[in-house]
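Heads up, the thing below is written out as structure tokens.
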Amino acid sequence: MTTRAIRVSEVIRRELSWCFQREVELEGLVLTISAVETSADLKEASIFVSLFDASIPEENLLMILNRHRNEWQKWIGKRLQSKFTPRLTFKIDNSLDRGDRVLRLIEELDKETNTDS
């Protein structure tokens, strides 16, 4: 990723965090932007979000985020003041769940090894 794309990604992360905090539909959810990947031409941005609260299904979360995507793109466009405003694409980041699963498997293997000794 180019230096410019990295800077744009950080602005998108900061501004979306601000938008998430003020969105009534997201109130009470523990939602984190784990990564923002912006294309080299700055026309596309993939936003990876993690939901720490399983109170709503991930599909519903994506529907809420996509419903507000256009207004958030406009907001970000004003903040970026660049020729193009990246088109936002929201994706669920399951890396934390996978990491937890790997840790649990390691703990189970460790317990099995200790009982065999």
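Numbering of the sequence shown is given in my numbering, commencing with residue 247 and proceeding in unit increments. Glycine included, each C-beta is placed from N, C-alpha and C at the ideal position.
Exercise. How would you call residue 249, buried or exposed, if buried means at least 16 neighbouring beta carbons within 10 angstroms?
Worked result: In the sequence shown, counting from the first residue as 1, residue 249 sits at position 3. Counting every other CB atom within 10 Å of its CB across the protein chains shown gives residue 249 a total below 16, marking it as exposed.
For this session: Run through the stretch 293–349 for me and flag every whole alpha helix (DSSP H) of 4 or more residues, listed as ranges in chain order.
Result: Inside the stretch 293–349, DSSP marks whole alpha helix (DSSP H) runs of 4 or more residues at positions 304–313 and 315–326, from first to last along the chain.
Exercise. Mapping DSSP to helix, strand and coil, what is residue 276?
Worked result: The count along the sequence shown starts at 1 and reaches residue 276 at position 30. Three-state DSSP puts residue 276 in coil, outside helix and strand.
Exercise. Should the stretch 287–304 be called in touch with the stretch 328–339, which here means at least 3 C-beta pairs below 8 Å?
Worked result: Touching, yes.
Problem set entry | Environment of residue 252 [buried if 16+ CB atoms lie within 10 Å] | Within the sequence shown, residue 252 is the residue found at index 6, counting from 1. Exposed, by the Cβ-count rule.
Exercise. From the DSSP output, which residues share a beta bridge with residue 284?
Worked result: As a working note, residue 284 is residue 38 in the sequence shown. DSSP, once it has assigned bridges, lists 291 as partnering residue 284.
For this session: Mind checking which residues open and close the alpha helix (DSSP H) that includes residue 254?
Result: Here the question's residue 254 lines up with position 8 in the sequence shown. Per DSSP, the continuous alpha helix (DSSP H) segment holding residue 254 begins and ends at 249–268.
For this session: Look at the Cβ atom of residue 272, then the Cβ atom of residue 310, and state whether they are nearer than 8 Å.
Result: In the sequence shown, residue 272 corresponds to position 26, counting from 1. In the sequence shown, residue 310 corresponds to position 64, counting from 1. A contact, by the Cβ cut-off of 8 Å.
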